[in-house]
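Notes follow once the structure below has been shown.
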Amino acid sequence: MPRGNILPIAVLILAHGLTGFLQAQQTRMRVPVPSRPITQQLSDLLEPVNITVSAAAATPVQAAGTREVRVRWTTGSAASTPSTPAARPVSSGGSFSVSEQRNYPEPARQDSSLNLGPGRLFVAAIDRNRGLKSWSLTLDPRIVRSEGPGADGTLTGETLYFEHTEFLVTIPDDPDIVELRLFEVQSEGQSHRLVSAGSVPIER
Amino acid sequence: MSFRFKPTLLALMFVVCVHSGGLYAQVVVPLQETGPSNRRLDLAILGDGYTSGELGKFATDVNQFLAEVFAQEPFYEYRNFLNVRRIDVASNQSGADHPERVPQEFKDTAFDATYNCANIQRLICVSNSKVLTAASVLPPSQRDLILVIVNDPEYGGSGGSIAVASTHSFAVELILHETGHTLAFLADEYTSQPPNCSDFFEPSEWNATKQTNRDLIKWTVWIDSATPVPTTDENLGIPGLYQGARYCPTTLYRPTYDSKMRTLFRSYDQINTEQFIRRFYEFARPIESQLPAATEISLMQGQSQEFRIMTPQPATHMLDITWILDGQQVATGSVYTLYSGGLSQGNHSLTATVDDPTPAVRIDPQSRLTQQATWTIAVNASLRRVRAQVTSQ
Numbered sequence: 284m285p286r287g288n289i290l291p292i293a294v295l296i297l298a299h300g301l302t303g304f305l306q307a308q309q310t311r312m313r314v315p316v317p318s319r320p321i322t323q324q325l326s327d328l329l330e331p332v333n334i335t336v337s338a339a340a341a342t343p344v345q346a347a348g349t350r351e352v353r354v355r356w357t358t359g360s361a362a363s364t365p366s367t368p369a370a371r372p373v374s375s376g377g378s379f380s381v382s383e384q385r386n387y388p389e390p391a392r393q394d395s396s397l398n399l400g401p402g403r404l405f406v407a408a409i410d411r412n413r414g415l416k417s418w419s420l421t422l423d424p425r426i427v428r429s430e431g432p433g434a435d436g437t438l439t440g441e442t443l444y445f446e447h448t449e450f451l452v453t454i455p456d457d458p459d460i461v462e463l464r465l466f467e468v469q470s471e472g473q474s475h476r477l478v479s480a481g482s483v484p485i486e487r
Numbered sequence: 341m342s343f344r345f346k347p348t349l350l351a352l353m354f355v356v357c358v359h360s361g362g363l364y365a366q367v368v369v370p371l372q373e374t375g376p377s378n379r380r381l382d383l384a385i386l387g388d389g390y391t392s393g394e395l396g397k398f399a400t401d402v403n404q405f406l407a408e409v410f411a412q413e414p415f416y417e418y419r420n421f422l423n424v425r426r427i428d429v430a431s432n433q434s435g436a437d438h439p440e441r442v443p444q445e446f447k448d449t450a451f452d453a454t455y456n457c458a459n460i461q462r463l464i465c466v467s468n469s470k471v472l473t474a475a476s477v478l479p480p481s482q483r484d485l486i487l488v489i490v491n492d493p494e495y496g497g498s499g500g501s502i503a504v505a506s507t508h509s510f511a512v513e514l515i516l517h518e519t520g521h522t523l524a525f526l527a528d529e530y531t532s533q534p535p536n537c538s539d540f541f542e543p544s545e546w547n548a549t550k551q552t553n554r555d556l557i558k559w560t561v562w563i564d565s566a567t568p569v570p571t572t573d574e575n576l577g578i579p580g581l582y583q584g585a586r587y588c589p590t591t592l593y594r595p596t597y598d599s600k601m602r603t604l605f606r607s608y609d610q611i612n613t614e615q616f617i618r619r620f621y622e623f624a625r626p627i628e629s630q631l632p633a634a635t636e637i638s639l640m641q642g643q644s645q646e647f648r649i650m651t652p653q654p655a656t657h658m659l660d661i662t663w664i665l666d667g668q669q670v671a672t673g674s675v676y677t678l679y680s681g682g683l684s685q686g687n688h689s690l691t692a693t694v695d696d697p698t699p700a701v702r703i704d705p706q707s708r709l710t711q712q713a714t715w716t717i718a719v720n721a722s723l724r725r726v727r728a729q730v731t732s733q
């Protein structure tokens with residue numbers, strides 16, 4: 284290739300590379316968002332409901348094994364199908380009980396972030412001194428959604444509540460855990476609060 | 341893209357379970373195992389209304405379902421962050437209950453699937469208790485998400501802690517939408533009611549806001565400076581501030597004009613995809629394992645040591661790995677061999693920083709896409725020098 288042709292090609296390559304680099308820098312931008320340590324977040328959330336939080340409970344637990352607790356939710360209703368939310372407040376009309384417990388040898392997985400929001404159930408596993416031993420956050424298993432496309436293709440939906448259902452809670456196989464406390468999450472903008480939905484004893 | 345069916349014979353389990361309905365056999369078929377379950381999002385798929393003679397159809401339906409799921413972003417790019425297992429459970433009869441039909445139709449199935457649940461034609465309910473019993477053949481870490489496919493071609497399903505879908509062609513889209521709620525904690529972006537509009541507080545979901553100040557919008561980094569706020573453009577996939585979200589026609593806003601959280605057969609779009617990826621990384625951390633596993637290493641001066649980082653693998657890009665020795669970058673890539681000959685005696689620090697450079701995530705408040713491993717390396721006098729010192733003394 285004649286030497287005279289190399290310079291414009293090199294400039295083009297450099298310019299192309301620089302454009303790509305600048306675009307990449309723009310698209311890779313990561314915005315730091317300050318967040319408080321999870322221990323502090325848990326303390327803020329659980330102190331109002333009289334549960335104390337230590338750093339050990341907030342960070343991932345590597346217990347020897349997992350205990351899976353099958354929790355049953357029942358209301359006084361004889362209906363076997365879910366009802367609309369307008370029919371009644373969720374927690375006041377029913378209760379939780381333990382229907383089964385099973386042990387697994389694998390370590391319990393601990394959520395690493397608090398994804399708080401409405402329609403979720405916060406489960407706190409506590410010891411005799413109301414100290415937090417582990418926690419989990421799931422979609423409220425009493426909720427069922429019905430959604431489908433309307434005439435224009437846009438979705439429509441309804442949210443209903445099971446009168447009777449079962450769900451699983453996994454906790455570390457820790458003999459200090461004596462109770463599960465279940466809370467509904469209520470959002471108040473950027474802050475959240477827990478509303479007691481019930482509790483179940485963990486018997487050994 | 342076709343989904344490749346990869347049953348692992350050794351891992352295939354045959355289990356007999358007793359439940360309230362009698363005795364049934366379950367077979368667990370691993371379809372995709374990409375890593376340890378404590379480092380993956382694990383999906384368990386069960387079928388209802390498939391007779392023993394129809395379990396082949398169930399396998400085909402599941403493969404079709406997965407092919408459609410993994411053809412869409414972000415599941416395509418992050419498919420290796422998921423393990424998938426199929427649990428075969430035979431029903432006595434084929435199909436599902438249709439109490440709305442005349443005459444009514446009832447089927448004896450493993451999980452009691454019924455249409456017209458709560459008098460909503462498209463709502464399919466199953467016995468959660470029976471599903472959990474069957475799914476419990478897997479340990480908890482292998483069923484982060486549970487899906488039941490019902491052997492009935494009529495449109496229907498339900499979202500919640502257990503997702504349910506019929507074999508209707510729209511059902512995959514419905515499940516992808518429901519997964520937006522279940523896994524990514526996303527809000528509906530449609531405005532019809534019910535449910536009721538609740539706009540007193542700022543929504544906690546990433547894809548809904550009442551904020552109209554551009555700088556304070558949760559997804560402001562995605563909004564091009566030329567895009568007006570609020571945004572009235574009706575083009576798809578342009579981040580902005582679109583009026584109407586979460587059952588509120590005017591007071592809440594959504595990030596794009598028409599995403600999958602509003603209409604089936606749409607893309608999730610940027611802001612929802614970003615949230616999915618952040619959630620994937622709550623199951624699969626950027627560092628899957630490290631070698632040496634011990635974080636305190638002792639080397640004789642002049643000795644070499646290989647350090648290695650294993651990461652999950654997105655489909656089309658690699659995670660960035662940077663090696664920093666005593667504050668200076670010394671290498672990139674998954675393996676770094678340290679030669680201690682040039683190091684002084686004493687302690688040195690080696691850090692590997694792993695980062696997913698995907699442009700699909702611009703906000704990572706908890707640094708889920710970045711992780712570090714650090715080793716402390718004690719460099720000791722070489723044998724020759726020790727021997728020389730001993731001789732000179």
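Chains as they are written, first to last, in my numbering: chain E, 284 to 487; chain V, 341 to 733.
All C-beta atoms, glycine included, are put in the ideal place defined by N, C-alpha and C.
Report the neighbours of leucine 463 of chain V on chain E: residues whose CB is nearer than 7 angstroms to its CB, in chain order. The residue labelled residue 463 of chain V in the question sits at position 123 within the second sequence. Ser429, listed in chain order.
Would proline 493 of chain V pass as a contact of histidine 517 of chain V if the rule is Cβ separation under 8 angstroms? As a working note, residue 493 of chain V is residue 153 in the second sequence. As a working note, residue 517 of chain V is residue 177 in the second sequence. No; because the gap between Cβ atoms is not below 8 angstroms, this pair is not in contact.
Who are the Cβ neighbours of alanine 503 of chain V in its own chain at under 6 angstroms, not counting the five residues just before and after it? For the purposes of this step, residue 503 of chain V is identified with residue 163 of the second sequence, where counting begins at 1. The answer, listed in chain order, is Leu487, Ile515 and Glu518.
DSSP-derived helix/strand/coil call for threonine 567 of chain V: Working through the second sequence from its first residue, we reach residue 567 of chain V at position 227. Coil.
Spatial neighbours of leucine 592 of chain V in its chain, beta-carbon cut-off 6 angstroms, leaving aside the 5 residues before and after: As a first step, residue 592 of chain V is located in the second sequence; it is residue number 252 there, counting from the start. Result list for leucine 592 of chain V: Asp539, Ala548, Lys550, Ala585 and Arg586, in chain order.
Relative to the C-alpha of isoleucine 649 of chain V, which residue among V/Glu628, V/Leu665, V/His657 and V/Gln668 is closest? Locating residue 649 of chain V in the second sequence gives position 309, where the first residue counts as 1. Comparing Cα positions, the closest option is V/Glu628.
Taking just the CA atoms, how far does leucine 328 of chain E sit from isoleucine 460 of chain E? Here residue 460 of chain E corresponds to residue number 177 of the first sequence, with the count starting at 1. Here residue 328 of chain E corresponds to residue number 45 of the first sequence, with the count starting at 1. Each residue's alpha carbon lies about 20 angstroms from the other.
Check for me: the beta strand (DSSP E) holding asparagine 720 of chain V runs from which residue to which? What you label residue 720 of chain V is simply residue 380 of the second sequence in a count that begins at 1. Taken as a continuous stretch (DSSP letters only), the beta strand (DSSP E) holding asparagine 720 of chain V covers 710-720.
Check serine 419 of chain E in the structure and name its three-state DSSP category. Stepping through the first sequence from its first residue, residue 419 of chain E is reached at position 136. Assigned with DSSP and collapsed to three states, serine 419 of chain E falls in strand.
Between serine 615 of chain V and the rest of its own chain, which residues show a CB-CB distance below 8 angstroms, the 5 nearest in sequence each way excluded? Counted from its first residue, the second sequence places residue 615 of chain V at position 275. The question names serine, but residue 615 of chain V is glutamine in the sequence shown. Correct list, in chain order: Ala524, Phe525, Leu526, Trp546 and Asn547.
According to a CB-to-CB cut-off of less than 7 angstroms, which residues of the region 530-553 of chain V neighbour chain E? Tyr530, Ser532, Pro534, Pro535, Phe541, Glu542, Ser544 and Glu545
Does DSSP put phenylalanine 415 of chain V in a helix, in a strand, or in coil? Position 75 of the second sequence, counted from the first residue, corresponds to residue 415 of chain V. Three-state DSSP puts phenylalanine 415 of chain V in coil, outside helix and strand.
Whose C-beta lies closer than 6 angstroms to the C-beta of valine 762 of chain V among residues of the same chain, with five residues either side of it excluded? The question about residue 762 of chain V has no answer here: the residues shown for chain V are numbered 341 through 733.
For a test of the three-state rule: what should DSSP assign to aspartate 428 of chain V, helix, strand or coil? Position 88 of the second sequence, counted from the first residue, corresponds to residue 428 of chain V. Strand, per DSSP.
Measuring alpha carbon to alpha carbon, tell me which residue in E/Val354, E/Val336, E/Arg476 and E/Tyr387 is nearest arginine 413 of chain E. Taking the first residue of the first sequence as position 1, residue 413 of chain E is located at position 130. Nearest Cα to arginine 413 of chain E within the set E/Val354, E/Val336, E/Arg476 and E/Tyr387: E/Val336.
Where glycine 499 of chain V falls: helix, strand or coil (DSSP): If you number the second sequence from 1, residue 499 of chain V lands on position 159. For glycine 499 of chain V, the three-state secondary structure derived from DSSP is strand.
Does any residue of chain E have a CB that is nearer than 8 angstroms to the CB of arginine 380 of chain V? The count along the second sequence starts at 1 and reaches residue 380 of chain V at position 40. So, not an interface residue.
Would you mind sorting arginine 319 of chain E into buried or exposed? The rule is 16 or more other CB atoms within 10 Å of its CB. Here the question's residue 319 of chain E lines up with position 36 in the first sequence. Exposed.
Proximity to alanine 634 of chain V [Cα-Cα], best of V/Phe647, V/Gly642 and V/Gly686: Taking the first residue of the second sequence as 1, we reach residue 634 of chain V at position 294. Among V/Phe647, V/Gly642 and V/Gly686, the Cα nearest to that of alanine 634 of chain V is on V/Phe647.
Within the 8 angstroms Cβ cut-off, does asparagine 386 of chain E reach chain V? Taking the first residue of the first sequence as position 1, residue 386 of chain E is located at position 103. With 8 angstroms as the cut-off, asparagine 386 of chain E does not count as an interface residue toward chain V.
Among V/Asn687, V/Ala430 and V/Asp696, which one has its Cα closest to the Cα of methionine 714 of chain V? Numbered from 1 along the second sequence, position 374 holds the residue referred to as residue 714 of chain V. What sits at residue 714 of chain V in the sequence shown is threonine, not methionine. Out of V/Asn687, V/Ala430 and V/Asp696, V/Asn687 has the C-alpha closest to the C-alpha of threonine 714 of chain V.
Please tell me whether asparagine 720 of chain V has its Cβ less than 8 angstroms away from any Cβ of chain E. Working through the second sequence from its first residue, we reach residue 720 of chain V at position 380. Output row for asparagine 720 of chain V: interface = no.
Tell me whether the region 569-581 of chain V and the region 463-483 of chain E touch, counting them as touching only if at least three CB pairs, one residue from each stretch, are closer than 8 angstroms. No contact exists between the region 569-581 of chain V and the region 463-483 of chain E.
With DSSP as the reference, label glycine 389 of chain V as helix, strand or coil. As a first step, residue 389 of chain V is located in the second sequence; it is residue number 49 there, counting from the start. Coil, per DSSP.
So if DSSP puts aspartate 437 of chain V in a beta bridge, which residue, or which two residues, is it bridged to? Working through the second sequence from its first residue, we reach residue 437 of chain V at position 97. Paired residue(s): V/Thr454.
Which term fits proline 484 of chain E, buried or exposed, when burial requires 16 or more other beta carbons within 10 angstroms of its beta carbon? Indexing the first sequence from 1 puts residue 484 of chain E at position 201. When all chains shown are included, proline 484 of chain E counts as exposed.
Residues in its own chain within less than 6 angstroms of glutamate 471 of chain E by CB, not counting five upstream and five downstream? Locating residue 471 of chain E in the first sequence gives position 188, counting from the first residue. Answer for glutamate 471 of chain E: no residue qualifies.
Would a check of beta-carbon distances place arginine 392 of chain E closer than 8 angstroms to chain V? Position 109 of the first sequence holds residue 392 of chain E. So yes, arginine 392 of chain E belongs to the interface.
In chain V, which residues lie with their C-beta within 8 angstroms of the C-beta of phenylalanine 450 of chain E? Residue mapping note: residue 450 of chain E aligns to position 167 of the first sequence, counting from 1. Going along chain V in sequence order, the residues near phenylalanine 450 of chain E (Cβ under 8 angstroms) are Asn468, Leu472 and Ser501.
Which chain E residues are close to isoleucine 578 of chain V, counting only those with a beta carbon under 9 angstroms from its beta carbon? Along the second sequence, one-based indexing puts residue 578 of chain V at 238. Going along chain E, no residue has its Cβ under 9 angstroms from isoleucine 578 of chain V, so there is no contact; the nearest lies around 15 angstroms.
Is the separation between the beta-carbon of serine 722 of chain V and that of methionine 640 of chain V shorter than 8 angstroms? As a first step, residue 722 of chain V is located in the second sequence; it is residue number 382 there, counting from the start. As a first step, residue 640 of chain V is located in the second sequence; it is residue number 300 there, counting from the start. Going by C-beta atoms, serine 722 of chain V is nearer than 8 angstroms to methionine 640 of chain V.
Judging by CA-CA distance, which residue of E/Gln384, E/Glu330 and E/Asp423 is the nearest neighbour of glycine 402 of chain E? Against the first sequence, residue 402 of chain E aligns to sequence position 119. Among E/Gln384, E/Glu330 and E/Asp423, the Cα nearest to that of glycine 402 of chain E belongs to E/Asp423.
Glycine 520 of chain V: which of V/Phe398, V/Leu485, V/Val369 and V/Ser434 sits nearest, CA to CA? Counted from its first residue, the second sequence places residue 520 of chain V at position 180. Closest option to glycine 520 of chain V, Cα to Cα, is V/Leu485.
Interfacial residues, the region 447-460 of chain V to chain E, with Cβ spacing under 7 angstroms: Cys457, Ala458 and Ile460
Backbone secondary structure at glutamine 653 of chain V - three-state DSSP: For the purposes of this step, residue 653 of chain V is taken as residue 313 along the second sequence, with counting starting at 1. If DSSP states are grouped into helix, strand and coil, glutamine 653 of chain V belongs with coil.
Give the DSSP-derived three-state secondary structure of asparagine 536 of chain V in the structure shown. Residue mapping note: residue 536 of chain V aligns to position 196 of the second sequence, counting from 1. Three-state result, asparagine 536 of chain V: coil.
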